[in-house]
Structure formats: structure tokens, C-alpha cells
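What follows is one structure encoded as C-alpha cells, with my remarks underneath.
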Amino acid sequence: MPEWDGTVSDEDREEYERTSPDAPETMKTKIAKMFAIWKSEPEFNVADISKINCPVLVIVGDDDVISHHHSIELFESLPQGQLAVIPGTSHLAHKEKPAIFQLFIREFLNDLSYPQTKMPIRRKTNNQSE
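Shown next as C-alpha cells:
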């Protein structure tokens with residue numbers, strides 16, 4: 022994960038001032054703490070994640086700060102996981118392409134059943150035993 026260089030865009034600063042209950046001068050401290058946490062937490066491993074037995078949607082940007090390798094490893098360890106990669110976005114996909122992000126969320130929440138694909142590779146079909 023890259024180091025944070027301490028810069029904050031005017032857009033992010035304005036949004037923070039508009040939406041955060043905390044004073045504007047706390048923003049940089051919070052971001053620095055967030056980067057530190059990202060490097061050290063959480064301490065989940067694949068075995069822990071594979072125990073999650075409910076539908077999970079992993080959404081990432083194609084230029085995300087989280088590596089594609091890590092995102093795919095997370096997705097593949099989730100028994101009921103789905104993966105969405107939004108092109109032309111970073112870790113802020115929800116801001117960069119909100120319509121696509123919201124579409125993925127709506128589709129996921131509208132049908133939480135286990136997805137059945139036409140050419141299953143990873144997923145079990147109704148005909149396959151567990």
C-alpha cells in the first residue's frame with residue numbers, strides 16, 4: 022500500500038467540512054490514522070473469511086489502492102462471494118462512478134440467493150454436490 026503524502030483535495034476537504042461532525046482540522050489526523058490501520062488491521066486470514074456463510078459483494082476499482090491479488094483472494098475465500106471491478110475507478114469508486122456502484126449494490130441486495138451462472142467455473146450448480 023502506498024504511503025499517504027499528506028495532501029487533501031479541495032473537494033475532499035469541502036465534503037469533510039460539510040458531512041463530518043468533527044472539526045475540519047481533524048481531517049488530516051484521521052486520514053493518517055486510517056492509513057496506519059490499513060497497514061496493520063484487520064488481522065483476518067483466508068481461513069477466517071472462508072467461514073463467512075452469507076452473500077458478500079466485494080467491489081473494487083480497477084485502479085484501487087487495494088491490490089487486485091488481495092481482492093481476488095478475498096473474493097475466492099468467500100463461499101458466497103461475488104466480485105465487481107468497476108473500470109476507471111480507484112478506492113473511491115462510489116464517488117467516481119456512483120451510478121455503476123449503486124447499480125451493483127441494488128442488484129446484489131435485490132437478489133441475495135446464490136448466483137447461478139451459465140458457465141460455472143468457481144460456483145457449484147444446482148446439479149453439483151457440495
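Residue numbering for the sequence shown follows this note's numbering, beginning at 22 and increasing consecutively. Just so you know, even glycine gets a beta-carbon here, dropped at the ideal spot from N, CA and C.
- Spatial neighbours of M55 in its own chain (CB-CB distance under 8 Å, excluding positions within 5 residues in sequence) are not present.
- No Cβ-Cβ contact shorter than 9 Å links V106 with V86.
- Burial state of G109 is exposed, judged by a 10 Å Cβ sphere holding fewer than 16 other Cβ atoms.
- Counting every other CB atom within 10 Å of its CB across the protein chains shown gives G102 a total of 16 or more, marking it as buried.
- In the DSSP assignment, L78 is bridged to Q103.
- Contact between A44 and W25 fails: their C-beta atoms lie close to 20 Å from each other, not under 8 Å.
- Rounded to the nearest angstrom, the gap between the Cα atoms of T50 and I58 is 12 Å.
- Around the beta-carbon of L99, 16 or more other beta-carbon atoms lie within 10 Å, marking it buried.
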